[in-house]
Amino acid sequence: MSQLHPGTAAERSRLTVLSGPSGVGKSTVVARLRATHPEIWQSVSLTTRRPRPGEVAGLHYLFCDDDAFDEAVAAGELLEWAEFAGHRYGTPRAPVLERLGRGDPVLLEIELEGARQVRRAMPDALLVFLAPPSWEVLARRLTGRGTEDEVVIARRLARARIELAAAPEFDVTLENDDVHDVCERLVALIRSDEDSAPPPPDL
Ligand code: ADP
Ligand code: 5GP
Numbered sequence: 788m789s790q791l792h793p794g795t796a797a798e799r800s801r802l803t804v805l806s807g808p809s810g811v812g813k814s815t816v817v818a819r820l821r822a823t824h825p826e827i828w829q830s831v832s833l834t835t836r837r838p839r840p841g842e843v844a845g846l847h848y849l850f851c852d853d854d855a856f857d858e859a860v861a862a863g864e865l866l867e868w869a870e871f872a873g874h875r876y877g878t879p880r881a882p883v884l885e886r887l888g889r890g891d892p893v894l895l896e897i898e899l900e901g902a903r904q905v906r907r908a909m910p911d912a913l914l915v916f917l918a919p920p921s922w923e924v925l926a927r928r929l930t931g932r933g934t935e936d937e938v939v940i941a942r943r944l945a946r947a948r949i950e951l952a953a954a955p956e957f958d959v960t961l962e963n964d965d966v967h968d969v970c971e972r973l974v975a976l977i978r979s980d981e982d983s984a985p986p987p988p989d990l
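When you read off a place in the sequence shown, starting at 1, and then add 787, the result is the number in our numbering.
Now the structure itself:
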């Protein structure tokens, strides 16, 4: 279950969702965007997964236990949430709506079920699918990252097949051949969306 309330037209039109199979390079792309385009605000998700080496609480994720995640769901604090490879992930609602209300461009990096929830509740959101150059490259990237054991990698690859099949549901597919190029193409998409957006509401 999840909860998601549509916002105003101005709010919806500045929301971009980036999705794609595990290992395709989403975190790499959003990390580069964070450094090069800080004006694009990135939501920080709540997750029950343990931090990977180098991940910073509050920057990459808000790490929590199952009870705290349950409480956030019960309190209606999550815009969307889903289970992925044995852990739960969700987008805190309040900061996203606050940024959209100010007219800022907002980026969510979330998996397929979350993207579908956003699609249903906010049909004007721009849904971008990040695709690997090939299945072999995806498997190599996921394995080469070295952050998961074999069982977890197998679980994520099985899920990746499902995610790849859903690419046609998205507005745009970007192939992650080169991180720099992908970032520029993504920024261009976000900007073209902004150009057609109505002005932010007077608050
Ligand atoms: P995701 O967040 O989608 O699970 P990551 O960003 O963690 O994926 O990337 C998985 C691995 O692939 C990382 O080791 C990353 O450095 C590498 N990677 C990401 N994008 C590219 C690219 N365009 N070319 C080569 N390697 C890449
Ligand atoms: P990872 O464990 O590799 O960081 O993330 C696993 C998957 O969860 C990725 O596909 C990532 O995009 C997704 N994810 C991260 N945060 C959220 C979120 O808030 N909601 C949803 N639905 N998925 C998320």
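Yeah, the Cβ is synthetic: ideal placement off N, Cα and C, and Gly gets one too.
Heavy atoms of the ligand ADP versus C-beta positions, residues under 5 Å
809, 810, 811, 812, 813, 814, 815, 928, 932, 963, 966
Would you be able to state if there are at least three C-beta pairs under 8 Å between the segment 892-912 and the segment 841-850?
-> no
**Report entry** residue 858 beta carbon near the ligand 5GP (any heavy atom closer than 7 Å)
**Finding:** no
Checklist entry - What residues are listed by DSSP as bridge partners for residue 870? => result 875
Worksheet item: Where does residue 802 fall in DSSP's three states?
Response: strand
Discussion item. Quick check: is any heavy atom of the ligand 5GP less than 7 Å from the C-beta of residue 900?
Written reply: yes
| task | Along the beta strand (DSSP E) that carries residue 992, what are the first and last residues, could you check? | result | Residue 992 falls outside the range modelled here, since the chain spans only 788 to 990, and no answer is possible.
Going by other Cβ atoms of all chains shown within 10 Å of its Cβ, with 16 needed for buried, is residue 794 buried or exposed? The predicted position of residue 794 is uncertain, since its pLDDT is 47 and thus under 50; no value can be drawn from it.
Decide if residue 817 is buried, meaning its Cβ has at least 16 other Cβ atoms within 10 Å, or exposed. buried
_Between the alpha carbons of residue 829 and residue 820, how many angstroms are there, rounded?_
9 Å
**Asked** residue 928 to residue 977, Cα distance in whole Å?
**Response** 26 Å
**Asked** Is it the case that the CB of residue 896 approaches a heavy atom of the ligand 5GP more closely than 7 Å?
**Response** yes
| Given 8 Å as the limit, is there contact between the segment 852-862 and the segment 800-810, that is, 3 or more CB pairs closer than that? | no
Subject >> Three-way DSSP call (helix, strand, coil) for residue 973 in this model >> reply: helix
Buried versus exposed call for residue 950 [16 or more other C-beta atoms within 10 Å across all chains shown]: buried
Test item: CB-CB of residue 918 and residue 963 under 8 Å:
yes
### Message
Taking a contact to mean a Cβ-Cβ separation below 8 Å, would you say residue 914 touches residue 958 in this structure?
### Response
yes
message: Distance check for residue 930 and residue 887, CA to CA, integer angstroms please.
response: 36 Å
- Query: Would the beta-carbon of residue 879 fall within 8 Å of that of residue 833?
  - Reply: yes
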